[in-house]
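Novice: If you scroll down you'll find the structure; I have some questions about it.
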Amino acid sequence: MDREKIIQAGKIISDVREYARGFIKKGMPLIEIANKIEDKMEDFEVKPSFPTCLSVNDVAAHGTPAHDDERIAEGLLKVDMGVHVDGWISDTAFSLDLEDSEENKKIIQASESALDSVIEKIKKGIPINELGKAVHGAIESFGFNPIVNLSGHEVRHYELHSEISIPNFDNNNSNPLPEGLYAIEPFATPGSGKVKDGSPSGIYILIDDKPIRSPLARELLDFIKQEYSTLPFCSRWIVKKFGTKGLFGLRQLVENGNIHSYPELVESSNKNVAQTEHTILVEADKITVTTE
Ligand code: MN
Ligand code: MN
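According to the working numbering, the sequence shown is numbered sequentially starting from 759.
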């Protein structure tokens, strides 16, 4: 692992996150927010490690604006973002209540306190389910539920979601946590605590670079390999580069099995969801919250 680049990716996204916290207001178009955040990353001369997600209310994750998106910031907004330095990734998220709602504020506090409780506990060798137990306990103490089918994840070089999952409940996995880089992301909700697939999100990932006949799709595939490698990307970025004809190319690549299309993830009882996330480097003798 390149410790220096991991720390750098964390420091940059933490600055971008504080910048985002400062300008996001109710009623702003989501696309304007995403563009400002991603322009700021460019100012730091780094690329996003995945499309900036702006998920509203019962959309727990994978909400990202399309090129012609008309949605605005409102309700309980989750802002999830990351950058990478030569493939070394950061991943962080915060939630905002844009309605002055006591319940929204409490849901957000629950996810923040769950993340704090993991940061207090996490170290090399801890049984993985102890971390899930800490998330569940913290969120339950606010009277809410964790989302049990979303989890934190190990992060590796050019690999956002790697092998090891960090559950948001006690899943009985008592294996010791190895040294490594982990994104911890508790989700809290007054709802049932599960997500289901919603509409297509416009987020994709390369799964197979097998040949494809269409010249447009081939050009797109080369661009995707070059520009995003094995990291997620979105239709908004493709339209920026290729215009709307890029959307046809994306469809061809999905049909040919070159790329996978992700759906939005929606709370199954349609209740609001809050998310808080940090990336944490776990080493033999210490832990470092890289996105603090
Ligand atoms: Mn994230
Ligand atoms: Mn994550």
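In this text, a Cβ means the ideal position worked out from N, Cα and C, and glycines have one as well. Computed from a predicted structure; not experimentally measured.
Do F945 and S869 have their CB atoms nearer than 8 Å?
Specialist: As a first step, residue 945 must be located in the sequence shown, where it is residue number 187. As a first step, residue 869 must be located in the sequence shown, where it is residue number 111. Closer than 8 Å, so yes.
Novice: So, are the CB atoms of I1017 and I942 less than 8 Å apart?
Specialist: Residue numbering aside, residue 1017 sits at position 259 when the sequence shown is read from its first letter. Residue numbering aside, residue 942 sits at position 184 when the sequence shown is read from its first letter. No.
Novice: Does the segment 833 to 843 come close enough to the segment 852 to 859 to have 3 or more Cβ pairs within less than 8 Å?
Specialist: A contact exists between the segment 833 to 843 and the segment 852 to 859.
Novice: I'd like to check one pair, L935 with K882: are the Cβ atoms closer than 8 Å?
Specialist: Sequence index remark: in the sequence shown, residue 882 carries index 124 (1-based). Sequence index remark: in the sequence shown, residue 935 carries index 177 (1-based). Yes; because the gap between Cβ atoms is below 8 Å, this pair is in contact.
Novice: Determine which residues share a DSSP beta bridge with F852 and list them.
Specialist: The residue given as residue 852 occupies position 94 in the sequence shown. The partner list for F852 (beta bridge, DSSP) reads V837.
Novice: Output the distance between the C-alpha atoms of H894 and W846, rounded to the nearest integer angstrom.
Specialist: As a position in the sequence shown, residue 894 is number 136, starting the count at 1. As a position in the sequence shown, residue 846 is number 88, starting the count at 1. One C-alpha to the other measures close to 29 Å.
Novice: So, at 6 Å on beta carbons, what are the nonlocal neighbours of E1022 in its own chain, with the 5 sequence-adjacent residues on each side left out?
Specialist: Against the sequence shown, residue 1022 aligns to sequence position 264. V817, H820, G821, G956, S957 and S959.
Novice: Considering only residues of the same chain and omitting the five flanking positions on each side of H825, which have a CB-CB separation below 6 Å?
Specialist: Residue mapping note: residue 825 aligns to position 67 of the sequence shown, counting from 1. Closer than 6 Å at the Cβ level, and outside the excluded window around H825, lie R994 and V997.
Novice: Where do the ends of the beta strand (DSSP E) carrying G956 lie?
Specialist: Locating residue 956 in the sequence shown gives position 198, counting from the first residue. Taken as a continuous stretch (DSSP letters only), the beta strand (DSSP E) holding G956 covers V953 to L964.
Novice: For ligand 1, is there a heavy atom less than 7 Å away from the beta-carbon of A946?
Specialist: Within the sequence shown, residue 946 is the residue found at index 188, counting from 1. A946: no, Cβ never under 7 Å from ligand 1.
Novice: Looking only at its chain, what residues have a beta carbon closer than 8 Å to the beta carbon of I880, apart from the 5 residues adjacent to it on each side?
Specialist: Counting from 1 along the sequence shown, the entry for residue 880 is found at position 122. Closer than 8 Å at Cβ, skipping near neighbours: L889, L935, Y940, I942, I1038, V1040 and I1045.
Novice: With DSSP collapsed to three states, give me the class of G949.
Specialist: Here residue 949 refers to the residue found at position 191 when the sequence shown is read from its first residue. Three-state DSSP puts G949 in coil, outside helix and strand.
Novice: Is it true that the segment 919 to 931 meets the segment 1006 to 1014, where meeting means three or more beta-carbon pairs spaced less than 8 Å apart?
Specialist: At 8 Å Cβ cutoff, the stretches do not touch.
Novice: Around the C-beta of P990, are 16 or more other C-beta atoms found within 10 angstroms, so that it is buried, or is it exposed?
Specialist: Taking the first residue of the sequence shown as position 1, residue 990 is located at position 232. When all chains shown are included, P990 counts as buried.
Novice: If we count the other Cβ atoms within 10 Å of its Cβ and call it buried at 16 or more, is P806 buried or exposed?
Specialist: Locating residue 806 in the sequence shown gives position 48, counting from the first residue. Per the 10 Å Cβ criterion, buried.
Novice: With hydrogens ignored, establish whether the beta-carbon of D849 is closer than 7 Å to any heavy atom of ligand 2.
Specialist: Residue numbering aside, residue 849 sits at position 91 when the sequence shown is read from its first letter. The answer is yes for D849.
Novice: If we ignore side chains and look at the alpha-carbon of each, how far apart do I982 and T988 end up?
Specialist: Looking up residue 982 in the sequence shown gives position 224. Looking up residue 988 in the sequence shown gives position 230. Near 9 Å, if we compare the C-alpha coordinates of T988 and I982.
Novice: Measuring straight from C-alpha to C-alpha, what distance separates S813 and E790?
Specialist: Position 55 of the sequence shown, counted from the start, is the residue given in the question as residue 813. Position 32 of the sequence shown, counted from the start, is the residue given in the question as residue 790. Cα to Cα, S813 sits roughly 14 Å from E790.
Novice: Determine the direct distance from the alpha carbon of V843 to that of I1068, and round the result to whole angstroms.
Specialist: As displayed, the chain neither begins before 759 nor continues past 1050, which places residue 1068 out of reach and without an answer.
Novice: Compute every distance between the C-beta of A941 and the non-hydrogen atoms of ligand 2, then say whether any falls below 7 Å.
Specialist: Numbered from its first residue, the sequence shown carries residue 941 at position 183. Yes, the beta carbon of A941 sits closer than 7 Å to at least one heavy atom of ligand 2.
Novice: Taking the beta carbon of N1030 as the centre, do at least 16 other beta carbons fall within 10 Å, making it buried, or is it exposed?
Specialist: Residue numbering aside, residue 1030 sits at position 272 when the sequence shown is read from its first letter. By the neighbour-count rule (16 or more Cβ atoms within 10 Å), N1030 is buried.
Novice: Could you give the uninterrupted runs of the alpha helix (DSSP H) lying entirely in the segment 896 to 937, keeping only those of 4 residues or more?
Specialist: Counting only runs of 4 or more, we get nothing.
Novice: Would you kindly report the start and end of the unbroken beta strand (DSSP E) that includes L1039?
Specialist: If you number the sequence shown from 1, residue 1039 lands on position 281. Run containing L1039: H1036 to V1040, per the beta strand (DSSP E) assignment.
Novice: Going by alpha carbons, who is nearest to I948 out of V1047, S1026, I764 and R775?
Specialist: Along the sequence shown, one-based indexing puts residue 948 at 190. For the sequence presented, residue 948 should be read as Pro rather than Ile. Minimum Cα distance to P948 is reached at S1026.
Novice: From this set, G840, N1014, Q984 and S950, which residue's C-alpha is nearest S972's C-alpha?
Specialist: Position 214 of the sequence shown, counted from the start, is the residue given in the question as residue 972. Of the candidates G840, N1014, Q984 and S950, the one whose C-alpha sits nearest the C-alpha of S972 is N1014.
Novice: Tell me which residues share the same chain as S875 and place their Cβ nearer than 6 Å to its Cβ, disregarding the 5 neighbours each side in the sequence.
Specialist: What you label residue 875 is simply residue 117 of the sequence shown in a count that begins at 1. Correct list, in chain order: A892 and A896.
Novice: DSSP on E977, reduced to helix/strand/coil?
Specialist: Translated into the one-based positions of the sequence shown, residue 977 becomes position 219. Helix, per DSSP.
Novice: What separation, rounded to the nearest whole angstrom, lies between the Cα atoms of M759 and E985?
Specialist: For this step, residue 759 is matched to residue 1 along the sequence shown. For this step, residue 985 is matched to residue 227 along the sequence shown. If you take the alpha carbons of M759 and E985, they lie about 22 Å apart.
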